[in-house]
Amino acid sequence: MRSTGKFAVIMSVIIILILTSLLVAGAFLVTFFWAVRSGQYDDDYTPSVRILYDDKPESEVNPTKK
Amino acid sequence: MTIEKFSYDNKIVRNFAIATMIWGMVAMLVGLLAALQLPFPGLNFDAHTTFGRVRPIHTNAIIFAFVGNGMFMGIYYSLQRLLKARMFSDALSKIHFWGWQLIIVGAAVTLFFGFTSGKEYAELEWPIDIAIAIVWVIFGINMFGTIIRRRERHLYVAIWFYIATVVTVAVLHIVNSVELPVTFLKSYPVYAGVQDALVQWWYGHNAVAFFLTTPYLGLMYYFLPKAVNRPVYSYRLSIIHFWALIFLYIWAGPHHLLYTALPNWAQSLGVVFSIMLIAPSWGGMINGLLTLRGAWDRVRDNVELKFFVVAVTAYGMATFEGPMLSLKSVNAIAHYTDWIVAHVHIGGMGWNGFLTFGILYWLIPRIYNTPLYSKKLAGFHFWIGTLGILFYTIPMYFAGFTQHFMLKEFTEDGVLRYPNFLETVVQIVPMYKLRALGGSLYLIGVFTMVYNMVKTARSGKLIPNENAEAPALEKIVVAEHAGHWHRWIERRPVQMLLVSLIVILIGGMVELIPTFLVKSNVPTISSVHPYTPLELQGRDIYVREGCYVCHSQMIRPFRFETERYGEYSKPGEFVYDHPFQWGSKRTGPDLQREGGKYPNSWHYNHMEDPRTMSPGSIMPAYPHMIENDLDTSDTGAKIRAMQKLGVPYDEHFDKVANAQLMQQANTISDDLAKNGIKVNSRKEIIAIIAYLQRLGTDIKGEKLTQAK
C-alpha cells in the first residue's frame, strides 16, 4: 500500500477551490474598496428613505396606493 | 440638471411572475408526489416516475424554476426602480426569460428520462449546463448594463446582493460543471471521489448561499421597507450584513461532509466559518424584523407583511439551525436523516416561498393598477401555508431523531438493537404521511394565491411600461492624480470585476484542472481497481435511477455505523468514482459495503419487487431493469472517457471491453440460473447486480495492513 499519494489526492482540488474562492473574495474586496473610496457609503441613511419614493411624472401622479 | 423621461419595463416582471406561479405549482405538485411515494410505494408507477427521478425534478424545479423565476421577477422590478433606469436591453430581458424557461423544460424532460450527472442540485447534463451558463451571463450583462446607465449614483444595498448573486453563481456553476461529454446527454465529471465530493458541496453550499439567500435578502431589503412604507431599521447594518455575509459564506461548504473521508482540517475550517455566519445572518434577520418597529399594527391587516414576517423569521431559524448542524456532535445525529429535510424546508417553504408570495401580493396589484381581488383569500393562503410548514417540518424533525436513536441503540450484549435498517424506516412511515399532509396544505395555499392573482389581473390592466422621470446622473469630473497606475481600474470597477473573473477562471481551469486531477488520480490503496466494463455500465444505471437520492455510500467512523455496514470509508476507495455517489440522505441503508452481502438472486428478486425480500420496504420496484436490454454501444466511448480522466485501463482496452463485459454478464446469469432464475445476460439487471456486488469489496483483503 502506497501512502505517499494520499495527501495529493485530497489536496489537488482543494487548491482550485481555495484559489477560486480567494479570487471571488478578492474581487469583492476590490469592489468594497471602490465602494468606500467613491463615497458610496458616505451617507448611510438617506438611501433607505429614497427608495420609498417612486418617480412618477408630475403629470400623472395617480395614487394607486391601497 | 435635465429631467429625463423614461419608463420601467413591467411586462418582463409580469412574465417572470407568471412563470414563478406556474413552475411553483408544478414543482410543489412533484414534491407532493415524492412525499406520497415514501409511505405508498405503489405511487412510483413506472420507470420514469420512481422516487429517484422524481425527487431531483422536485429539487431542481423548486430551486431553479420557482425560486429562480421569483428572484428574476423581484430583481427586474426593484433594480429598475432602485437605479431609476429601464432595463439595459429589452431584447436581453426577453432572451433571458425564454432561455430560462427552455432550460427548465429541458431539465424536466431529461431528468424524467434518466439523463443526469448524478450530482445533487447539479444533476443537469452538459448541454443544459452550457445553456445555463450562457443565459446567466446574458442576465449578468443586462444587470450590469442597467447599473452603468443608472440615474442614481448610490447603489442601494439590495443591488449589492444582486451583484453577488450574479457573479458568484456563475463561478460556482462553471467550476462544478466541468465534465467530459461521452455522448450527447451523458458525461463524467472530471473530478473523482473525494475531490468530486468537495467540489460538489462547495457548489452545493454556495448555491444555497448565492441562489436561495443573497438574492432573496436583496429582495427583502427592497420589498419589506416598501410594503411597510418606512426605511429599513438600520441601513448601516444592512451594508455590514452584506459584506460580512459574502466574505464568510464561501468557506463554509465542507460542513456538508463532516465525518466523511474528507480531511479533518478541511472539516474544521467549514465548521468555524459556519459558526461565524450566525452573526451576519442574524444581523439581517433582526434588521428586517426591526424595520417593523412601531408599525406592527400594520401586519394585522396587511397580508404581504404577514408573509414577510414569517419569511424573515424562517430565515433566522434556518440560519441559526445551519451553524448548529455544522457542529460535529450535532451533525453526527442529523446527517443522513430527515432532520436535514426539515431544515431545508424551513428555508425553502418559509424563507423563499413566503417571501415570493409576499412579493407577488404586493407587486401584481401594482403593475395591474388595481386592488387585490380578495384579501380574505390571501389571509387564508397565509394561515394554511403557515400550518403547512408546521405540519411538514415537525414530523420530519421527529422522524430524524427517532431514526437516529434507533440506529445507534445497542443491547446490553453490545449488538445493534435494530440490526435491520428497515425497522427504523417502518417506524417513521407515519411521519412521512403527516409530512405529505403538510405539503398538501401548503400547496392548497399556493393554488388559492394563483386564483387570487388571476382574478386580480383580470380586474385590472397591465401597465406594460410605467412612466417615470428622474434627473440624469451628473458626470463626476475626475481630477487626474497623474501617475496612479491603478486609476483606470477604479473607474471601471464593475466591468473589470466581471471581465477579470471570467478571464482568470477560464484560463485557470484550462491550465490547472487537467494537470492537478489526472496526476493525482494515483490510487492510494493498491487493491482498489478500476470498474470492469459491466460494473461501469451498472454504475451508470445506478446514477441514472438516482439511487444516491436514498442510499449513501459513505460509512462514518462510528461504532453504530461500522457494526451495521462494515469498515468505515477511506478516501482512497473512491479514486475511480466519476461522479462520487456518497449521497446525503439515508432513506434506505448505506451501500458502500453492499458487495458480497447477499447472493445475486437476492438482488434480482429485490430489484424486481423489494417487498418480496424485505416486507414493508418503501423502495420502488425496478422490473424494467429485467426487461430492458443493456445498451453496450457506448462501452468503448465510456472506457476512453475514463482513460482521459486518468483511470488506468490498459491501452486499447476499449476494443475488448464489450467482450469482457459479456463474459462477466454470463457468469452472473449462470449463477442466477443455478438458483432457478432464468434471465438473458444482456439485461440491465445483470449490470446493476455486478456493480452492487463490487461495492466496497476492494479493500476487504487489505484490512490487516490497514489496521497496523
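Sequence order for the protein chains is G and D. If you're matching positions, the first sequence starts at 1 in this note's numbering and goes up one per residue. If you're matching positions, the second sequence starts at 1001 in this note's numbering and goes up one per residue. Glycine included, C-beta positions come from ideal geometry on N, C-alpha and C.
Between the Cα of residue i and the Cα atoms of the options, which residue gives the shortest distance?
| i | options | result |
| --- | --- | --- |
| D/I1250 | D/W1201, D/V1341, D/A1133, D/Y1216 | D/W1201 |
| D/I1003 | D/F1115, D/L1473, D/G1646 | D/L1473 |
| D/S1093 | D/I1104, D/Y1077, D/K1084, D/G1106 | D/Y1077 |
| D/V1167 | D/I1138, D/K1186, D/R1150 | D/I1138 |
| D/I1275 | D/F1242, D/L1325, D/Y1235 | D/L1325 |
| D/V1528 | D/G1099, D/V1309, D/E1573 | D/E1573 |
| D/L1407 | D/P1395, D/M1396, D/L1422 | D/L1422 |
| G/I18 | D/A1279, D/Y1203, D/T1424, D/L1692 | D/Y1203 |
| D/N1420 | D/S1617, D/K1306, D/V1549, D/H1255 | D/S1617 |
| D/F1558 | D/W1136, D/I1686, D/L1416, D/P1430 | D/L1416 |
| D/N1710 | D/H1335, D/T1313, D/W1383 | The first residue shown for chain D is 1001 and the last is 1708, placing residue 1710 of chain D beyond what the model contains. |
| D/M1143 | D/V1543, D/L1083, D/L1305 | D/L1083 |
Under 8 Å, Cβ to Cβ, is there at least one residue of chain G near residue i?
| i | result |
| --- | --- |
| D/V1175 | yes |
| D/Q1080 | no |
| D/Q1581 | no |
| D/E1469 | yes |
| D/Q1195 | yes |
| D/P1181 | no |
| D/N1229 | yes |
| D/F1247 | yes |
| D/R1236 | yes |
| D/V1171 | yes |
| D/P1039 | no |
| D/T1002 | no |
| D/V1067 | no |
| D/L1198 | yes |
| D/V1303 | no |
| D/I1555 | no |
| D/T1667 | no |
| D/I1286 | no |
| D/Y1191 | yes |
| D/W1339 | no |
Note down the Cα distance separating residue i from residue j, rounded to an integer number of angstroms.
| i | j | result |
| --- | --- | --- |
| G/D43 | D/I1239 | 12 Å |
| D/S1459 | D/T1370 | 7 Å |
| D/L1217 | D/Q1592 | 40 Å |
| D/I1063 | D/M1025 | 13 Å |
| D/D1338 | G/Y53 | 45 Å |
| D/V1446 | D/V1344 | 19 Å |
| D/A1027 | D/F1653 | 44 Å |
| D/W1296 | D/Y1315 | 19 Å |
| D/D1090 | D/K1475 | 25 Å |
| D/L1032 | G/E58 | 50 Å |
| D/T1146 | D/A1192 | 41 Å |
| D/L1738 | D/S1614 | Because residue 1738 of chain D is not part of the residues shown, which for chain D are 1001 to 1708, the question remains open. |
| D/S1742 | D/Y1259 | Limits of chain D in this structure are 1001 at one end and 1708 at the other, which puts residue 1742 of chain D out of reach. |
| D/N1060 | D/I1141 | 24 Å |
| G/S12 | D/P1571 | 13 Å |
| D/D1698 | D/Y1531 | 10 Å |
| D/A1047 | D/H1624 | 7 Å |
| D/V1030 | D/E1469 | 45 Å |
| D/G1379 | D/V1303 | 6 Å |
| D/K1585 | D/G1696 | 19 Å |
| D/E1666 | D/Q1537 | Reading off the sequence shown, one finds Asn at residue 1666 of chain D, where the question assumed Glu. Answer to the nearest angstrom: the Cα atoms are 15 Å apart. |
| D/I1134 | D/F1115 | 21 Å |
| D/A1065 | D/A1019 | 8 Å |
| D/W980 | D/V1228 | For chain D, the structure presents residues 1001 to 1708; residue 980 of chain D sits outside this window and is missing. |
| D/M1552 | G/G26 | This sequence places Ser at residue 1552 of chain D; Met is not what is there. Their backbone Cα atoms lie some 36 Å apart in a straight line. |
| D/V1661 | D/E1561 | A small fix is needed here, since residue 1661 of chain D is Leu in this sequence, not Val. In a straight line, the C-alpha of D/L1661 is about 34 Å away from that of D/E1561. |
| D/K1708 | D/A1261 | A caution first: D/K1708 carries a pLDDT of 34, below 50, which makes its placement in the model unreliable, though a value can still be read off. Rounded to the nearest angstrom, the two C-alpha atoms are 19 Å apart. |
| D/S1187 | D/A1108 | 18 Å |
| D/S1374 | D/M1449 | 10 Å |
| D/L996 | D/L1363 | As shown, chain D starts at 1001 and ends at 1708. That puts residue 996 of chain D outside it, with no answer to give. |
| D/A1197 | D/N1176 | 10 Å |
Starting from residue i, find everything on chain C with Cβ-Cβ shorter than 7 Å and list it in chain order.
| i | result |
| --- | --- |
| D/W1201 | Protein chains in the displayed structure are G and D, and chain C is not among them. |
| 4-residue-minimum alpha helix (DSSP H) runs that sit fully inside the region 1357-1445 of chain D, ordered along the chain | 1375-1407
| request: Only counting runs of 4 or more residues, tell me where the alpha helix (DSSP H) segments fall wholly within the region 1533-1576 of chain D, in order along the chain. | output: 1533-1544, 1559-1565
| said: Give me the subset of the region 1127-1159 of chain D whose CB atoms are less than 7 Å from a CB atom of chain G, sorted by chain position. | reply: H1154, L1155, Y1156
| field | Residues within the region 1255-1268 of chain D neighbouring chain G, beta-carbon criterion of under 8 Å | value | L1262, P1263, A1266
| task | Give the residues from the region 1374-1401 of chain D that approach chain G closer than 8 Å (Cβ to any Cβ), ordered along the chain. | result | none
| said: Using a Cβ-Cβ cutoff of 8 Å, what residues of the region 1205-1233 of chain D are near chain G? List them in chain order. | reply: Y1222, P1225, K1226, N1229, R1230, P1231, V1232
| request: Write down every uninterrupted run of the alpha helix (DSSP H) in the region 1633-1682 of chain D whose length is 4 residues or greater and which is fully enclosed by it, in chain order. | output: 1635-1644, 1653-1674
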